[in-house]
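Student: Have a look at the structure that comes next, please.
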Amino acid sequence: MTPADRTSPGAPGQAALEALLASPPALPVVAGLSQLSSMLARPAPDGGAPAVVVTAPPGTGKTTLVPPLVARALSEAGEDGEAAAVGRVVVTQPRRVAARAAARRLAGLLGEEPGGTVGYAVRGERRAGPGTRIEVVTAGLLLRRLQAEPDLPGVGAVILDEVHERALDADLLLALLLDTRAGLREDLTLIAMSATLDAGRLRELLGGATGGASGGTGGGAGAAGALAPLLDVPGAPHPIAEHWAPPPTTTARLGPRGVPRDFLAHVAATTARALTEHDGDALVFLPGAREVDDVVSRLRQSLPAAGASVGGVDALPLHGRLPAAAQDTALAPGPPGRRRVIVSTNVAESSLTVPGVRIVVDSTLAREPRLDVARSMSWLATVGESRSAGAQRAGRAGREGPGAVYRCCTASDWARAAASPTPEILSADLTRLALELAAWGAPGGVGLHSPAWIDPPPEAAMRAAEEALVSLGLLEPAGWGGGAGGDRSGADGGRAPGAITPLGRAVAAIPAPVREARALLVAAGMIGARPAARAAALLTSDLRAPGADLTALARSVRERRTGARDAGQWGQEAARLERSVTGALADAGATRGSGAAAGAQEALRAPAPLRALSAPGTDGAQVLGGLAGLGGLGGAEESVALVAALAHPEWIARRRDSVGSAGSAGTGGRAAPGGSSRPDGPAPGRARAEVAYASVGGTGLRLPADSPLASSPWLAVADVDRSPGRGDALIRAAAPLDEEVALAVAADRLSEEARTVWAEGRLRTEHARRLGAIILAATPGPPPSPGEAASAVVQAVRGEGLGILPWGEEARELRGRLALLRAEIGEPWPAMDDESLVGAAEMWLGPAVQALMAGGRRFDLGRLDTLAALRALLPWPEAARLDELAPERLEVPSGSRVRLSYTGDDGEPLPRPVLAVRVQECFGWASTPLVAGGRVPVLIHLLSPARRTVAVTDDLASFWAQGYPQVRAELRGRYPKHAWPEDPWSAPATRGTGRRRPRV
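Spelled out as structure tokens, the structure:
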């Protein structure tokens, strides 16, 4: 007997499902239902339940009709006796709005409301009952159920929908479901449905779905190389007219701080234009909720003025932050006689059907997670969308008839876009994934069924995630074996990643980001569950902090100045988190009067420094005692700094220009819990630049110039943004932090050391007391040794970049020459990009600094021989061919040896070298010179006698035939003393003026 609940084929709802399948709506997937039914009737090669891959474009009806067919297949299999069991069909969707919409659509076709034959469950809401045969859930919710009950009692089949979106939860869920089928539930039917993903890898994974386990997270094929059966449903789209609607040349799609308002105005104007040129409703795609609300506001102001040209139009938002009722309104048909503009994030890209849409306006922007492993920072980046995502967006216009798509970019922008979006598992913070694997009993993926992943998690990101979990007390410390994509069992002498701790298990049970969940648990034990939950909700509810000030956000939601929607969202999130943390504490035996083991109680207690801080009679006790007594709505304002600091102790930050800031002596100031103490701010009326902060983790942080937090000496930072080209991160959300709380939260980072530092262009030694990378106090020390100096300069280069070194022209050119050889020939020529040079700085830069110190003179980095330092990277014996492969100079027909330029004006290496030479010196030169062993043609800049460029070519023969006559006509009157022959082939090349003959 399997764990699935047995029901009879005549269970409630079965007749309605049969009626729907007997007379289905006219959808393309109907043509494939018979074939799918045959696939579901055949067991897997090893005798287990069927596993099938379905590929079908959006709008083909797979989400609507495949679940009823699978439910019928389970019922028919149940008639065969003990060979199979009948259970519920669980369908996953990537988002809550999609789960509700899919359930409503299917229930409506059955003539029912959700909660009967078809139900749904999302975070904070469930409509399902004992008679529910099909339940639509989010991937994250099914993941929680699977962790609680790995055998999934009562479930006969799982359908993973929209697998092509490659959300992190969905990839992890697939891996754990494959593991469950392999070890506990061979009778669990598994269907993976995708709109665009290459089905080959999915077929490999599901084909080996009941195979054996491996010692690692694995990426190989199934045991016998079997492939799961594939149902490929072709779409039947209507024609879609394509329009290019780029913004004006003065308006960028992306700016240094997100999407410019001018571009949002352009999107709104393009929407109004589209409504005048085409019939039907419009669907507008934007990257985030803020942009959606902005464009909705613009349209509501501008469309009424358009009058009869567009008709009566309602502009409606659609994104994940909206209440369920507002989302349902956007997805419902509009009233007769009125058109609709649905302004949406990517929630409507593939998993939702919006009726009436015949126009799509695509901003061509999307949000993707990004991870900086070196700085332990993750954020959501706004990027240009991929072509596959854009094709799905455009397809929404052709579901019900001929449509049109307006893309807010140029055709060349579109051609340069990535083919597909980056899967989250390859670009996101993997802390939650690593914790879930440890909670599953497979830390680091060791022991998972293999193959497990469409793309295995990157080793560096997994390593960083597990190190973060260890530092937070969620995993036991352990050594390392292999990489995340292979065997990490420690067979090579290392140890597998550590097991989950009691605190880690409690955190894993809370449906919130790992760091915020951990902070919630620890803070609840210090100040109470309600204040902790209300503060944590400010970090998890996706609300925007004005001026990056979380305390101002707390006041806004308390006073409802952000609007009823945001305040209601925060209140619901706070209540949900309070229930979660109360349950987690009770389960662990940490609540008062619990009879659980003392070990579990100790695990969930605050760290010792925080407990000491709250000891009676201390200043900290007054701070924390005040927070604990705040049970009302105002509690979030005062406690959010504590919760943010506990969530991201590495982002605890101190203002660089405050007394005793990083790099200077002193002990620093102190801010009151509510941020009232701000003694060192700029004078009133003076313009403020971005304010710099040093963080515990070492990453430089900056506040927006207009933030009210700019004078706070200490901050607890909750959210940051890394813009391209910026060394520091921009603070998006923070709160003033009391210094004693900062020192207690990050007490494990407190240290004292003697060190040599490079600061403000000088090298010095000092004895420092540090909180991570923040210098709390420092006293001068003796002059550094050569080795100490070398280490300090290497660290400075890693922190500030290569620009602090003296780069003479010869050093820059050598770098350019080597960069060209690396690009064209590869090994053993060294890489010359910034990242590679910084990474190898100890090898080439350290010895040069030591040699400079050996001279006995006062250290001056400006005297560093960077050219000689770079030469230390030359490979031997290949270095002997450097001048042959990448010569410094080339001899031209006049006899001159002209220098080649391998770097541009900005000092960066060029993709091919440039030879700047006067036209007269090249007469008779037919063949373009080549470098890098004949691989790269030199780009020739032909100059006038005044050394101004008159032509650029890598084809001299073509220039003499076509370009030279025009150059001659324009310049021979201006420079009559120089030779301008009609036949440049036979004329002698000259170095100087007039008719001077070249030297023989």
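Numbering (my numbering), first residue to last: 8 to 1007.
Every residue, glycine too, gets a C-beta built ideally from N, C-alpha and C.
In whole angstroms, what is the alpha-carbon distance linking Q927 and V905?
Tutor: Start at 1 with the first residue of the sequence shown, and residue 927 comes out as number 920. Start at 1 with the first residue of the sequence shown, and residue 905 comes out as number 898. So the two alpha carbons sit approximately 13 Å from each other.
Student: When you compare the CB of L237 with every CB in chain C, is at least one pair closer than 9 Å?
Tutor: Considering every chain present, this structure includes no chain C. It has just one protein chain.
Student: Taking the CB atoms as reference points, tell me whether A742 and V588 lie closer together than 9 Å.
Tutor: Translated into positions along the sequence shown, residue 742 becomes position 735. Translated into positions along the sequence shown, residue 588 becomes position 581. No; because the gap between Cβ atoms is not below 9 Å, this pair is not in contact.
Student: Rounded to a whole number of angstroms, what is the C-alpha to C-alpha distance between E132 and P330?
Tutor: Within the sequence shown, numbered from 1, the residue matching residue 132 stands at position 125. Within the sequence shown, numbered from 1, the residue matching residue 330 stands at position 323. Each residue's Cα considered, the two are about 12 Å apart.
Student: State buried or exposed for V752, treating a residue as buried only when at least 16 other CB atoms are found within 10 Å of its CB.
Tutor: For this step, residue 752 is matched to residue 745 along the sequence shown. The residue in question, V752, is buried, as its Cβ has 16 or more Cβ neighbours within 10 Å.
Student: Would you please state the rounded distance, in angstroms, between the beta carbons of T371 and L237? I believe it to be under 8 Å.
Tutor: Reading the sequence shown from its first residue, position 364 is the one you call residue 371. Reading the sequence shown from its first residue, position 230 is the one you call residue 237. Going by Cβ atoms, the distance from T371 to L237 rounds to 32 Å, so no, they are not a contact pair.
Student: For A958, which residues does DSSP report across the bridge?
Tutor: Numbered from its first residue, the sequence shown carries residue 958 at position 951. L949.
Student: For V354, which three-state DSSP category applies?
Tutor: By one-based count along the sequence shown, residue 354 stands at place 347. DSSP places V354 in helix when its eight states are reduced to three.
Student: Is DSSP giving M200 helix, strand or coil here?
Tutor: As a first step, residue 200 is located in the sequence shown; it is residue number 193 there, counting from the start. Note: M200 maps to strand in three-state DSSP.
Student: E132 by DSSP, collapsed to three states: which one?
Tutor: In the sequence shown, the residue the question calls residue 132 occupies position 125. E132 falls in the strand class under three-state DSSP.
Student: Below 8 Å on the Cβ atoms is my guess for P246 versus P464; work out the distance and round it to an integer in Å.
Tutor: By 1-based counting over the sequence shown, the position of residue 246 is 239. By 1-based counting over the sequence shown, the position of residue 464 is 457. 41 Å between Cβ atoms; not a contact.
Student: Are the Cβ atoms of L825 and L874 separated by less than 9 Å?
Tutor: One-based indexing of the sequence shown puts residue 825 at position 818. One-based indexing of the sequence shown puts residue 874 at position 867. No, the Cβ-Cβ distance between L825 and L874 is not below 9 Å.
Student: Could you tell me the boundaries of the alpha helix (DSSP H) in which M839 lies?
Tutor: On the sequence shown, position 832 is the one that residue 839 refers to. No alpha helix (DSSP H) holds M839; DSSP gives it neither H nor E.
Student: Check for me: the alpha helix (DSSP H) holding R419 runs from which residue to which?
Tutor: For the purposes of this step, residue 419 is taken as the residue at position 412 of the sequence shown. Looking at the sequence shown, residue 419 is not Arg but Ser. Taken as a continuous stretch (DSSP letters only), the alpha helix (DSSP H) holding S419 covers 418-423.
Student: Got a sec, what are the start and stop residues for the alpha helix (DSSP H) R525 sits in?
Tutor: As a working mapping, residue 525 is identified with position 518 in the sequence shown. Looking at the DSSP string, the run of the alpha helix (DSSP H) that includes R525 is 521-534.
Student: Would you mind working out which of E474, R537, D755 sits nearest I507, comparing C-alpha positions?
Tutor: If you number the sequence shown from 1, residue 507 lands on position 500. Nearest of E474, R537, D755 to I507, Cα basis: E474.
Student: When the Cα atoms are used, what is the spatial distance from R3 to A555?
Tutor: This structure gives no information on residue 3, because the portion of the chain shown stretches from 8 to 1007.
Student: With C-beta atoms as the reference, is V36 less than 9 Å away from V361?
Tutor: As a first step, residue 36 must be located in the sequence shown, where it is residue number 29. As a first step, residue 361 must be located in the sequence shown, where it is residue number 354. No, Cβ-Cβ distance for V36 and V361 is not below 9 Å.
Student: What three-state label does DSSP hand A252 in the structure shown?
Tutor: Here residue 252 is taken as the residue at index 245 of the sequence shown, counted from 1. Reduced to three states, the DSSP call for A252 is coil.
Student: In chain order, what residues of the same chain lie with their CB nearer than 8 Å to the CB of W992, ignoring the 5 residues before and after it?
Tutor: In the sequence shown, residue 992 corresponds to position 985, counting from 1. These residues qualify, in order along the chain: F930, G931, A933, W967.
Student: Can you tell me which of the three DSSP states F292 falls into?
Tutor: Here the question's residue 292 lines up with position 285 in the sequence shown. Note: F292 maps to strand in three-state DSSP.
Student: Alpha carbon to alpha carbon, how far is V354 from P340? Give it in angstroms, no decimals.
Tutor: In the sequence shown, residue 340 corresponds to position 333, counting from 1. In the sequence shown, residue 354 corresponds to position 347, counting from 1. So the alpha carbons of these two residues sit roughly 18 Å apart.
Student: For T283, count neighbouring C-beta atoms within 10 Å of its own C-beta (all shown protein chains included) and say buried if the count is 16 or more, exposed if not.
Tutor: As a working note, residue 283 is residue 276 in the sequence shown. Counting Cβ neighbours within 10 Å, T283 comes out exposed, since fewer than 16 surround it.
Student: For G788, which residues in the same chain have their Cβ closer than 7 Å to its Cβ, ignoring the five residues on either side in sequence?
Tutor: Within the sequence shown, residue 788 is the residue found at index 781, counting from 1. Excluding residues within five positions, the ones whose Cβ falls inside 7 Å are A761, T772, E773, H774.
Student: Since I believe V800 is in contact with V856 (beta carbons under 8 Å), could you give me their beta-carbon distance rounded to a whole number of angstroms?
Tutor: The sequence position of residue 856 within the sequence shown is 849, counting from 1. The sequence position of residue 800 within the sequence shown is 793, counting from 1. Indeed, because the Cβ distance is near 5 Å, the residues count as touching under 8 Å.
Student: Using DSSP bridges, identify the partner residues of T62.
Tutor: Start at 1 with the first residue of the sequence shown, and residue 62 comes out as number 55. Bridge partners of T62: S201, D239.
Student: Can you tell me where the beta strand (DSSP E) with V921 in it begins and where it stops?
Tutor: Counted from its first residue, the sequence shown places residue 921 at position 914. Run containing V921: 916-925, per the beta strand (DSSP E) assignment.
Student: Three or more beta-carbon pairs under 8 Å between the segment 175-183 and the segment 113-120, yes or no?
Tutor: At 8 Å Cβ cutoff, the stretches do not touch.
Student: Just to confirm, are G66 and P244 a CB contact at a threshold of 9 Å?
Tutor: Your numbering for residue 66 matches position 59 in the sequence shown. Your numbering for residue 244 matches position 237 in the sequence shown. The answer is yes: Cβ separation under 9 Å.
Student: Can the beta-carbon of R661 be found closer than 9 Å to that of W721?
Tutor: As a working mapping, residue 661 is identified with position 654 in the sequence shown. As a working mapping, residue 721 is identified with position 714 in the sequence shown. Yes, they are a contact pair.
Student: Buried or exposed: where does T257 fall if 16 or more other Cβ atoms within 10 Å of its Cβ makes it buried?
Tutor: To locate residue 257, count along the sequence shown from 1; it is residue 250. Flag for T257 reads exposed.
Student: Classify P64: buried if its beta carbon has 16 or more other beta carbons within 10 angstroms, exposed otherwise.
Tutor: The sequence position of residue 64 within the sequence shown is 57, counting from 1. So P64 ends up on the buried side.
Student: Per DSSP, Q576 forms a beta bridge with which residues?
Tutor: Here residue 576 corresponds to residue number 569 of the sequence shown, with the count starting at 1. In DSSP, Q576 forms no bridge with anything.
Student: Can you tell me which of the three DSSP states Q21 falls into?
Tutor: If you number the sequence shown from 1, residue 21 lands on position 14. It is helical.
Student: What would DSSP say about D664, mapped onto helix, strand or coil?
Tutor: Along the sequence shown, one-based indexing puts residue 664 at 657. Coil, per DSSP.
Student: Taking DSSP as the reference, what is the three-state secondary structure of T371?
Tutor: The residue labelled residue 371 in the question sits at position 364 within the sequence shown. Three-state result, T371: coil.
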